[in-house]
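First the structure, in the form of structure tokens, and then the observations on it.
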Amino acid sequence: MITVLLADDDPAARQGLRTIIDSSPDTRVVAEAWDGRSAVEQARRLLPDVVVMDVRMPGTDGIAATRKLRELPTPPAVLILTAFGLEEYVEQALKAGASGFLIKDTPPAELLSALRGLAEGHAVFAPEITGQVIDLTTGEGRPPTGSQYTELITSLTERQVEVLRLLALGLSNASIATELGMTEGTVKGHVTQLLARLGVTNRVAAARIAYRAGLSAGDV
0 MITVLLADDD PAARQGLRTI IDSSPDTRVV AEAWDGRSAV EQARRLLPDV
50 VVMDVRMPGT DGIAATRKLR ELPTPPAVLI LTAFGLEEYV EQALKAGASG
100 FLIKDTPPAE LLSALRGLAE GHAVFAPEIT GQVIDLTTGE GRPPTGSQYT
150 ELITSLTERQ VEVLRLLALG LSNASIATEL GMTEGTVKGH VTQLLARLGV
200 TNRVAAARIA YRAGLSAGDV
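Just so you know, we're using numbering that gives the first Met the number 0 here: the sequence shown kicks off at 0 and counts up by one.
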């Protein structure tokens, strides 16, 4: 069971999220917070797996609260969920330690998939900001430039390209498995092979290569 804490100053927004999250057999809301301070206090006490955090709240806002959450002895994954200023808040959220960033009109199925991915330790970002996240995030090692991007992509098998395209869109291994009709274990194997083929050590660096090659947009 994935335990979730909701932090939003709008009671209607919290109720809508609770309805979605509690509708799934593997996710459950364990508490609600109306500001950043109460979110940190409840997370310290309840140890949720994921905190769904609004940005604009009275007192301690979502960015400051995220920073405090990540300093806890057992820090939860933080999913920033906001309707405001995507580009304005992305960098702040990443620096504060957020693992995900979605907009509030994200479909319920995608929200639930994001919670599962975060609970597994993956990063999840809205497609609208994937490019920005890649630009802001530094991977280990320097990615290739120019035609090397295309050369790297063409060296992959057709199945590996399919997996990389979905990975670059921010999908978790479980979501990729569902999308491609594979087992999650098979997807993990493909991801491991992808990282080795691309010469990188993490998913963000692989997504950067796919993005720069136009793969995430379906151009390759």
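Note that beta-carbon positions come from the ideal geometry of N, C-alpha and C, so glycine has one too. Quick caveat, the model's predicted, so the values are computed rather than measured.
With DSSP run on the structure shown, which of helix, strand or coil describes residue i?
i, result
"R196", "helix"
"R17", "helix"
"T182", "coil"
Using a Cβ-Cβ cutoff of less than 7 Å, which residues in the same chain neighbour residue i once the five nearest sequence positions on both sides are dropped?
i, result
"L71", "A42, R43"
"K187", "N172"
"V54", "D60, G61, I62, I79, T81, F83, Y88"
"D21", "R27, V28"
"Q14", "none"
"E161", "L179"
"P74", "L68"
If you measure between the beta carbons of residue i and residue j, is that distance less than 7 Å?
i, j, result
"P47", "V77", "no"
"I62", "A32", "no"
"K67", "V28", "no"
"L45", "A30", "yes"
"P107", "I19", "yes"
"M56", "D9", "no"
"S23", "L111", "yes"
"L151", "L214", "no"
Which residue marks the beginning of the alpha helix (DSSP H) containing residue i, and which one marks its end?
i, result
"L111", "107-118"
"A176", "172-179"
"L165", "157-167"
"A212", "First-last for A212: undefined, no H or E at that position."
Using 6 Å as the cut-off, classify the Cβ of residue i as near or not near the heavy atoms of the ligand FMN, replying yes or no.
i, result
"I102", "Questions concerning the ligand FMN fall outside what the structure shown contains, since it holds no ligand whatsoever."
Given residue i, which residues of its chain have a CB within under 8 Å of its CB, disregarding the five upstream and five downstream residues?
i, result
"V166", "Sequence check: residue 166 is Leu here, not Val. Excluding positions up to five away in sequence, the list reads I175, V190, L193, R202, A205, A206, A209."
"G99", "A76, V77, L78, I79, A113, G116, L117, A122, V123, F124"
"A97", "M52, T65, V77, L78, I79"
"A12", "D53, K103"
"Q159", "H189, Q192, L193, R196"
Excluding the five sequence neighbours on either side, which residues of its own chain have a C-beta within less than 6 Å of the C-beta of residue i, listed in chain order?
i, result
"G58", "D34, R36"
Exercise. Where are the alpha helix (DSSP H) runs, 4 residues long or more, that stay fully inside the segment 73-101, in chain order?
Worked result: With a minimum length of 4 residues, the unbroken runs of alpha helix (DSSP H) contained wholly in the segment 73-101 fall at 85-95.
For this session: Ignoring anything shorter than 3 residues or poking outside the segment 6-71, list the beta strand (DSSP E) runs there in chain order.
Result: 26-32, 49-52
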